[in-house]
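Novice: Numbering (the working numbering), first residue to last: 7 to 150.
Built from N, CA and C at the ideal position, the CB exists for glycine as well.
Note that the structure is predicted; figures quoted are calculated from it, not measured.
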Amino acid sequence: MRHYENLVIVKPTLTEEETQASIAAIEEVLTSNGAEIIARDAMGTKKLAYPIQKNERGYFHVVYYTMAPSSIAEVERRFRINEDLLRFVTIKYDSKREVTAWKELVAKTEKKAAAKSAAAEAAATATETPAAEEAPATEAPAAE
7 MRHYENLVIV KPTLTEEETQ ASIAAIEEVL TSNGAEIIAR DAMGTKKLAY PIQKNERGYF
67 HVVYYTMAPS SIAEVERRFR INEDLLRFVT IKYDSKREVT AWKELVAKTE KKAAAKSAAA
127 EAAATATETP AAEEAPATEA PAAE
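(1) If you draw a straight line from the C-alpha of residue 87 to the C-alpha of residue 128, how long is it?
(2) By how many angstroms is the C-alpha of residue 19 removed from the C-alpha of residue 58?
(3) Using 8 Å for Cβ pairs, my map puts residue 78 next to residue 11. What's the rounded Cβ distance?
(4) Taking 9 Å as the threshold (C-beta atoms), are residue 33 and residue 43 in contact?
(5) Using the three-state DSSP reduction, which class does residue 13 fall into: helix, strand or coil?
(6) May I ask you to report which of helix, strand or coil DSSP gives residue 22?
(7) Is residue 71 near residue 113, with beta carbons less than 9 Å apart?
(8) Select from 111, 131 and 23 the residue whose C-alpha is nearest the C-alpha of residue 69.
(9) Taking a contact to mean a Cβ-Cβ separation below 9 Å, would you say residue 24 touches residue 90 in this structure?
In structure tokens, the structure reads:
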């Protein structure tokens with residue numbers, strides 16, 4: 007099993023749900039061909055250096071995985087067929103130095119994902135607990 011990284015750029019014209027479905031389809035292509043996905047990094051929508059298919063922006067997503075080298079050709083063929091992708095690049099990490107760099111990238115990505123999920127949990131608990139408890143309202147007797 008070799009170490010790989012895939013950067014895909016998805017069309018920005020898709021809705022949030024369509025973008026997530028496209029990312030899920032990309033990851034399904036990888037896992038169906040025997041890949042073990044180690045980490046994911048959703049970089050979000052960014053401006054492109056130059057227009058691609060008349061699109062100025064694109065949704066960037068990086069996937070780190072291990073896979074047998076014989077399956078890469080099929081994965082790239084399926085990526086070329088997918089019309090939701092503007093571009094993709096597959097990077098192979100082969101030497102010991104490259105694998106060490108790959109592991110550092112994975113660790114950085116996992117750390118960033120853990121910090122993001124911790125921030126989301128903190129925001130969720132902050133919205134669940136009321137800031138100030140309200141005292142029950144009592145009516146004053148009407149003066150006649």
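Specialist: Taking the definition as stated:
(1) The residue you call residue 87 lines up with position 81 of the sequence shown. The residue you call residue 128 lines up with position 122 of the sequence shown. Rounded to the nearest angstrom, the two C-alpha atoms are 41 Å apart.
(2) Along the sequence shown, one-based indexing puts residue 58 at 52. Along the sequence shown, one-based indexing puts residue 19 at 13. Each residue's Cα considered, the two are about 13 Å apart.
(3) By 1-based counting over the sequence shown, the position of residue 78 is 72. By 1-based counting over the sequence shown, the position of residue 11 is 5. About 12 Å; that fails the 8 Å criterion.
(4) For this step, residue 43 is matched to residue 37 along the sequence shown. For this step, residue 33 is matched to residue 27 along the sequence shown. In terms of Cβ geometry, residue 43 and residue 33 form a close pair [threshold 9 Å].
(5) Locating residue 13 in the sequence shown gives position 7, counting from the first residue. Strand.
(6) Position 16 of the sequence shown, counted from the start, is the residue given in the question as residue 22. Three-state DSSP puts residue 22 in a helix.
(7) Residue mapping note: residue 71 aligns to position 65 of the sequence shown, counting from 1. Residue mapping note: residue 113 aligns to position 107 of the sequence shown, counting from 1. Going by C-beta atoms, residue 71 is not nearer than 9 Å to residue 113.
(8) The residue labelled residue 69 in the question sits at position 63 within the sequence shown. Among 111, 131 and 23, the Cα nearest to that of residue 69 belongs to 111.
(9) In the sequence shown, residue 24 corresponds to position 18, counting from 1. In the sequence shown, residue 90 corresponds to position 84, counting from 1. A contact, by the Cβ cut-off of 9 Å.
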